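Working notes for the structure below.
Numbering (UniProt numbering), first residue to last: 1 to 545.
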């Protein structure tokens, strides 16, 4: 697939899912990429933390890829850069805060000299081959959220990235209605738009309202207060700094990712008025009414600060009648992990407040009123929903058409869509998929290693060692070790029967060593299945003596 005299769109991630955003635009034989994100692994990937996009399509065409433009610094938009950008071999374009976050990631991986990062001023422009682009600041939950106005010979694209409307943002100066109307006046072929909150009937709300809600909740607290939020939500950090001053509390920060965001934000001119922080020992020495802790871990991450504090494995200590405020949205899939921490806190008499009890969080994504306003201002000919599961994107197209957008298309990862001429139209499908970061190795998410690990985690493993002479006679006792098999109290009885099954299969003999090993394996697995209903992985070692 090589784009001709046309404008193509192809998502390699982020369409049909929320996270791992990777978008390609193609025209006149060349491609540009918008965002290069990752996602976090769910329990279906045992032993894995990070999931990466499979970029095979563009890796095979890297000579036609001209550059990667980053809308903002969230992990689902830049998180795959340290693992994939060097192989793509093209420059990255980002505004200062996002560029600084990327630079830290590259430095940690020793890739500073291997990936070129070009810093573009806020509201700045660039040109890559047949593509021109302009960063259009929009409000989001991280500094320098940007839409991209992409110019091509076949029409202009307004790619929103993640966004919301906020009349009183705590950080940055997003484009207002008048500025966005002027963008629309330029004539927009397609609006490629965030679908996350399309089912939300109300606007997402302003960060200023969150400050009022947090002021009220924290002013009423008598003991220590811990607030957990997304580390990257620098706007919320700004709010919390002001809330601490409003309520007469000193700030203690717990979590390396929070330290990093504070450091990077200050390096490019944000959060310069954030109060000086106290360390853990100072925080514990202060009167309980005089400290506010900001901690990572609101999504239940087991190694984050909040989990360690909840289970009393941290220098920060909370006791009965202290307060934990969850100033973040619960991400679907994290309910059990969050519940585990909340149950532990509740059992210790620690009070909790979430966005269900008070106005302590607003989303960084647009609800239906904000989407309708964007359609009115930008006036696209085509709506292309992205950044959502299929249900979000289907509803987004329906809503946009209802509000007067003339045409739309619902695509998913791998769909090649022609936007112009004679678009939108699906031309075909290309390979997409997921990769995993397993230790320091990148593997297929559904390859041999991952499938074997799933089988081990679901069914357990049995290792069989059997000594035989050259006449195929069993010598000595069969040795069997089991892991993860639910035999518990019957362990010894099971081992005795499994050893007998292995010996019996061995004594029958076989024409080849491989056939003998398979007969023993099947005999032991049948025994395990009869006892437990499970089909464990069985490894057989035959020792010739």
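Idealized CB from N, CA, C, for every residue including glycine.
Since this is a predicted model, take the numbers as computed values, not measurements.
Item, Value
"Would you say residue 7 faces chain B, with C-beta separation under 9 Å as the test?", "Included in the structure is just one protein chain, with no chain B present."
"Does the beta-carbon distance from residue 32 to residue 65 come in below 9 Å?", "yes"
"Could you have a look at residue 93 and say whether DSSP puts it in helix, strand or coil?", "strand"
"How far does the alpha helix (DSSP H) with residue 376 in it reach, from first residue to last?", "368-378"
"Suppose contacts are defined by Cβ-Cβ distances below 9 Å. Is residue 549 in contact with residue 25 by that definition?", "Residue 549 lies beyond the residue range present for the chain, which begins at 1 and ends at 545; the question has no answer from this structure."
"Tell me whether the beta-carbon of residue 139 lies closer than 9 Å to the beta-carbon of residue 411.", "no"
"Output the distance between the C-alpha atoms of residue 21 and residue 270, rounded to the nearest integer angstrom.", "26 Å"
"Extract the residue ranges of the beta strand (DSSP E) inside the region 379-405, only unbroken runs of 3 or more that lie entirely within it.", "382-386"
"What are the uninterrupted segments assigned as alpha helix (DSSP H) that are 4 or more residues long and contained completely in the region 131-198, given in chain order?", "177-185"
"Report yes or no: do the region 162-172 and the region 231-251 share at least 3 C-beta pairs separated by less than 8 Å?", "yes"
"Evaluate the contact criterion for the region 65-74 versus the region 84-92: three or more CB pairs, one atom per stretch, below 8 Å.", "yes"
"Taking the alpha carbon of residue 322 as the point to measure from, which residue in 383, 276, 222, 542 has its own alpha carbon closest?", "222"
"Indicate whether residue 204 and residue 385 have their beta-carbon atoms separated by less than 9 Å.", "no"
"Hey, residue 370 and residue 164 are a contact pair by Cβ (cut 8 Å); roughly how many whole angstroms apart?", "6 Å"
"For the region 178-188 and the region 372-379, state whether three or more C-beta atom pairs, one from each stretch, are separated by less than 8 Å.", "yes"
"Answer yes or no: do residue 190 and residue 419 have a C-beta to C-beta separation smaller than 9 Å?", "yes"
"Just reading off the beta strand (DSSP E) that residue 250 is part of, what are its end residues?", "250-254"
"Among the residues of its own chain, which have a CB less than 7 Å from the CB of residue 211, if the five just before and after it don't count?", "239, 242, 243"
"Return the chain-ordered list of same chain residues with a C-beta closer than 8 Å to the C-beta of residue 501, the five sequence neighbours on each side being excluded.", "523, 524, 526, 527"
"Touching or not, the region 357-365 and the region 250-269, by the rule of three or more beta carbon pairs under 8 Å?", "no"
"Using the beta-carbon count (16 or more within 10 Å), is residue 3 buried or exposed?", "buried"
"Find the nearest neighbour of residue 290 within the set 311, 30, 252, judged by alpha-carbon distance.", "252"
"Would you list the one or two residues that DSSP bridges to residue 35?", "Paired residues: none, contrary to the question."
"Buried or exposed for residue 545, going by 16 or more other Cβ atoms inside 10 Å?", "exposed"
"Report yes if the C-beta distance between residue 482 and residue 424 is below 9 Å; otherwise report no.", "no"
"I'd like the span of the alpha helix (DSSP H) that includes residue 51, first residue to last.", "Element bounds for residue 51: not the alpha helix (DSSP H) but the beta strand (DSSP E), 50-53."
"So, with DSSP's three-state summary, where would you put residue 20?", "coil"
"Give me the residue from 473, 246, 113, 5 with the minimum Cα distance to residue 152.", "5"
"Could you say which of 358, 343, 41 lies nearest to residue 328 if we only look at CA atoms?", "358"
"Here's the rule I'm using: 16 or more other beta-carbon atoms within 10 Å means buried, otherwise exposed. How should residue 232 be labelled?", "buried"
"What residue range is occupied by the uninterrupted beta strand (DSSP E) comprising residue 418?", "415-420"
"Can you tell me whether DSSP reads residue 26 as helix, strand or coil?", "strand"
"Considering only the beta carbon of each residue, do residue 478 and residue 462 sit closer than 9 Å?", "no"
"Between which two residues does the alpha helix (DSSP H) containing residue 243 stretch?", "234-246"
"Can you tell me which residues form a DSSP beta bridge with residue 539?", "463"
"Give, in chain order, every unbroken run of the beta strand (DSSP E) that is at least 3 residues long and sits entirely within the region 473-532.", "479-483"
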